[in-house]
Amino acid sequence: MSAAEPWSQSGAPLTIREADAGELAGAVTAALAVGARYLTAAAADERAVGGGFRLDHVFRFPDRPGLDVLRVRLPADRPEYPSLTPVLPAVHWDEREAQDLFGITPLGHPDPRRLVLPDDWPAGLHPLRKDVPWNVHPPCAAEPGWAPRLAGGEGVVFMPVGPVHAGIIESGHFAFSLMGETILHLDVRLFQKHRGVEKILEGRPWADAGDAVERTCAACSASHQAAWCEAVEQLVDWELPARGVYLRTILLECERLYNHLNDIAAIPAGTGFAVAAMEGSVLKEQMLRLQGAAFGHRYLFGTIRPGGVVRDLPTDDIAELRRRLARLRVRLGRLAQRMLRHPGFVDRLQGAGVLSRRTALDLGAVGPSARASAVAQDLRVDRPYLAYRAFAPMVVTEQAGDVGARLRLRFREAEVSFELLDRLLHGLPPGPCRREAPGGAERAEGLGIGCNESPRGANVHYVQLRAGRIERYRIRTASFANWPLLMEAVPGNLIGDFPLINKSFELCYACCDR
Amino acid sequence: MAMWGAAVGQALAVLLVAPLVHGLIQRTKAALQGRHGPGLLQPYFTLIKLWRRQDIRPTPASWIFVAAPRLALGIVVAATLSVPLLWNPAPLGWDGDFVVVVGLLALERYVLSLAGLDTGTPFGGLGSSRESIVGALVEPALFALALPWMVLAGSTAWPALVAASASATPASVVRFFGLGAGLIVSLAETGRLPVDNPDTHLELTMIHEAMLLEYSGPQLALISLAQMTKQLLVLALVADLLVPWGVGGLALPPGVQPVAVLAKWAALAAGLGVAESLSAKLRFFRLPGYLGAAAALSSAAAVLQVWGVR
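What follows is the structure, given as structure tokens:
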């Protein structure tokens, strides 16, 4: 069965195909064989409306602009299906998450341990099911009692780190198995501070989602706002004014730029090269101040809303903005020279934390982490949206897949962003920056999917509306996709290199703690 | 009696000046990073703050954990007494011996390594293991630093070494080689980049600090003071061997001489800060090459000295 749903913002329909649980693996294999890229999976509880559970997997095919949804319906009494992980390893965490939050069992999953729920959480209580209230507080043990997977053998030392860390780092529990200075195995327990963003969004009118959506992650707030807006605009057939399209693109590029500056500064900090780290931090701070002045919020909260952008950029400010960006660009170029020509520093980066192209492809790596391992994928080009349709950026890749490759990639991408921003600001069309919702939007129905290339890779928002209210909202972030890469890239490296490798992936904890 | 008085006076003076030298290094680094940085006196405030804090010990720790900070400070102060800091010879009654000082530094490292193991945490063990490796590499390099002057003086006693260095040609190949080795050795002995990063919060990368992660409050104050004193001692020791003027060989008026020596220390401390700011931390298993370079430079200098090359 096939049904054409409303038009997406990129001007292409969303295709929904239904399959039986037994056929799922075959259908996915067939899709992958023709080059489909996996974007997101989302489970939903439809028992209250006379169904069972629904499980959607979203793919993008290279030959068409629209997205494909592969839908499976599972019975309410036995929500289980053969695990997709063996044919599509990238879904391994999605399946574990759905198992925790919905009680949907992927049969034959290679690692069926809990992912989101703490280990002392009562069995059978699945928080995202509709019959569980958002504020459920079951009694919990004093110690959650996580038993990490360790390497065994004579002389292997278990080193636990976290979940509380020194410095301004979020919560994550790392369990290293060490042989001397060498890491044999790493197991990570994230999802320490689940916030229930998806749960509290349920039942809200679509227009009231912004404050929660933009706080999914402060470091890619604009990307999350844009993905939410795209999903909604797609559903209600909302045309954006040209100026709004440009400004939204400018916000997304600014976000990429300040994040890349931050990540560039973090790498020398991991090697004690404080002079370079401080210069990088200064550049990031200048970018934040520039954003605060131009867009009203340093971290771009509250800037993008359905229909366009919230605040227009006065024409007088544009020339000044371009000048300041040009100055930053020069300083970044000088920093790149200083960092990449420092032999002691570069020596630390080479061969550290190598992610092979094969692993990156298998695990569905996204963003700079994928591109630094020679996987040329970038939603800005692969599925052009907003002003990227007119201004296609160059997709930068690196071959080595190590910390050095990820650093060089960010320098080069920052350069591309500077160029892009300059052209967008120069070509900013006149007119309104936001348009009113079309009639009937407040009663919108159906499924909308918004996705864009955040600084860390693809952020995908899956928004199901019923009578204008959110029925199910799933956010699959770039960091959710990339965290498992770390566990693959780390073994064999020195334990002293771990902070450096970790920072080169620049993974976000909050993006898991949704 | 006067001799003991001088010894106690010097020990107190060293303890008092050491935090200032540390503050100077921190200040230099901050300036090079474009930060305002803490004030010069910040190390004193930090020590006072730590001293006033509650004393906490890890449950599995034994008496070693408590004894180590006191022992470490005692050992370092004892070492300062035999090194000619302001005067040559040092105020203690005997002619201090270079080998003894190297031994005392090794002993201090041993005591702290034991304390790291005593905590029973993986970090303590990791730090102790790393510190021991660094120690095994630094010690020969430090010893080799004095080789050219031992050859010249025919002695390992401090007064003879200082006198020999002071009387040798100021700008010689031997001295330049020595200065290169001295820089490496002082960075390594004081736990600075590119060997160790004293300012990091990344536990997994630490060497010296990893051993001491469980220390807090007054115990940490003692260890910090010991570390700062050791830093001053290493600076003075390297200066005595390579740029001894002021302490030996250059007759200055009694009023000017201590000030001149303090200025020399300040210049060396600032130099250490600059050298550290230019570096990124080496990968741990590159340390043998780095410290081996220091030993090789010093040994080459000793050979040149034997051949009579200036």
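Protein sequences, first through last, are from chains A and B. At position 334 of the first sequence (counting the first as 1) the number is 678 in this note's numbering, and the numbers step up by one without a gap. At position 73 of the second sequence (counting the first as 1) the number is 76 in this note's numbering, and the numbers step up by one without a gap. Ideal placement from N, C-alpha and C gives every residue a C-beta, glycine not left out. No experiment lies behind these values; they were computed from the predicted model shown.
Contact under 9 Å by Cβ, residue i with residue j
| i | j | result |
| --- | --- | --- |
| A:Val402 | A:Thr429 | no |
| B:Val165 | B:Leu244 | yes |
| A:Arg692 | B:Arg286 | yes |
| B:Thr172 | B:Val17 | no |
| B:Leu216 | B:Thr124 | yes |
| A:Arg587 | A:Pro782 | no |
| A:His453 | A:Ala495 | no |
| A:Arg785 | A:Val580 | What sits at residue 785 of chain A in the sequence shown is Ala, not Arg. Their beta carbons are under 9 Å apart, which means A:Ala785 touches A:Val580 by this criterion. |
| A:Ala365 | A:Pro456 | no |
| A:Ser717 | A:Ala696 | no |
Span of the alpha helix (DSSP H), counted from its first residue to its last, around residue i
| i | result |
| --- | --- |
| A:His641 | Unbroken run through A:His641: none, as it is neither H nor E. |
| A:Met683 | Thr659 to Leu684 |
| B:Ile59 | It is not in any alpha helix (DSSP H) - B:Ile59 carries neither H nor E in the DSSP assignment. |
| B:Met231 | Gly220 to Leu245 |
| B:Met214 | His211 to Met214 |
| B:Tyr113 | Phe101 to Asp121 |
CB contact below 9 Å: residue i versus chain A
| i | result |
| --- | --- |
| B:Leu290 | no |
| B:Gly37 | yes |
| B:Ser189 | no |
| B:Asn91 | no |
| B:Pro197 | yes |
| B:Pro125 | yes |
| B:Gly128 | yes |
| B:His204 | yes |
| B:Ser116 | no |
| B:Ser1 | Here chain B has residues from 4 to 313 only, and residue 1 of chain B is not among them. |
| B:Thr208 | yes |
| B:Arg56 | no |
| B:Arg133 | yes |
| B:Lys32 | yes |
Buried versus exposed, by CB contacts within 10 Å (16 or more), residue i
| i | result |
| --- | --- |
| B:Phe179 | exposed |
| A:Met622 | buried |
| A:Glu583 | exposed |
| A:Gln555 | Looking at the sequence itself, residue 555 of chain A is Asp, so the reference to Gln does not match. A:Asp555 comes out exposed. |
| A:Pro484 | For the record, residue 484 of chain A in the displayed sequence is Cys; it is not Pro. By the neighbour-count rule (16 or more Cβ atoms within 10 Å), A:Cys484 is not buried but exposed. |
| B:Val86 | buried |
| A:Lys543 | buried |
| B:Ile187 | buried |
| A:Ile845 | buried |
| B:Gln57 | exposed |
| B:Phe288 | exposed |
| B:Leu253 | exposed |
| B:Ala266 | exposed |
| A:Trp550 | buried |
Beta-carbon separation (whole angstroms), residue i vs residue j, contact threshold 8 Å
| i | j | result |
| --- | --- | --- |
| A:Phe639 | A:Ser565 | Rounded, the Cβ-Cβ distance is 11 Å, inconsistent with contact. |
| A:Ala519 | A:Pro492 | 3 Å |
| A:Val460 | A:Asp444 | 4 Å |
| B:Met290 | B:Val137 | What sits at residue 290 of chain B in the sequence shown is Leu, not Met. Going by Cβ atoms, the distance from B:Leu290 to B:Val137 rounds to 7 Å, so yes, they are a contact pair. |
| B:Val237 | B:Leu89 | With 8 Å as the limit, B:Val237 and B:Leu89 do not qualify as a contact, their Cβ atoms being about 16 Å apart. |
| B:Pro143 | B:Ala304 | So it is not a contact: roughly 14 Å between Cβ atoms. |
| A:Tyr729 | A:Glu574 | 7 Å |
Range covered by the beta strand (DSSP E) that runs through residue i
| i | result |
| --- | --- |
| A:Val807 | Gly801 to Arg810 |
| A:Glu789 | Segment: none, A:Glu789 is in no beta strand (DSSP E) and carries neither H nor E. |
| B:Pro72 | Not the beta strand (DSSP E): B:Pro72 falls in the alpha helix (DSSP H), residues Trp66 to Ser85. |
| A:Ile814 | Arg813 to Arg820 |
Below-9 Å beta-carbon distance, residue i vs any chain B residue
| i | result |
| --- | --- |
| A:Met503 | yes |
| A:Leu679 | no |
| A:Gly497 | no |
| A:Pro423 | no |
| A:Ser346 | Note that A:Ser346 scores 33 on pLDDT, short of 50, meaning its location in the model is unreliable and no value can be drawn from it. |
| A:Leu530 | no |
| A:Met523 | no |
| A:Glu349 | Confidence at A:Glu349 is low in this model, with a pLDDT of 37, below 50, so its placement is unreliable and the value that follows should be read with caution. Answer no: the Cβ-Cβ gap between A:Glu349 and chain B never drops below 9 Å. |
| A:Arg692 | yes |
| A:Ser848 | no |
| A:Leu838 | yes |
Contact test: residue i Cβ vs the ligand MN heavy atom, cutoff 8 Å
| i | result |
| --- | --- |
| B:Trp248 | With respect to small molecules bound, the structure shown includes none, and the ligand MN cannot be examined in it. |
Cβ of residue i within 9 Å of any chain D Cβ
| i | result |
| --- | --- |
| B:Arg286 | Absent from the structure: chain D. Protein chains present are A and B. |
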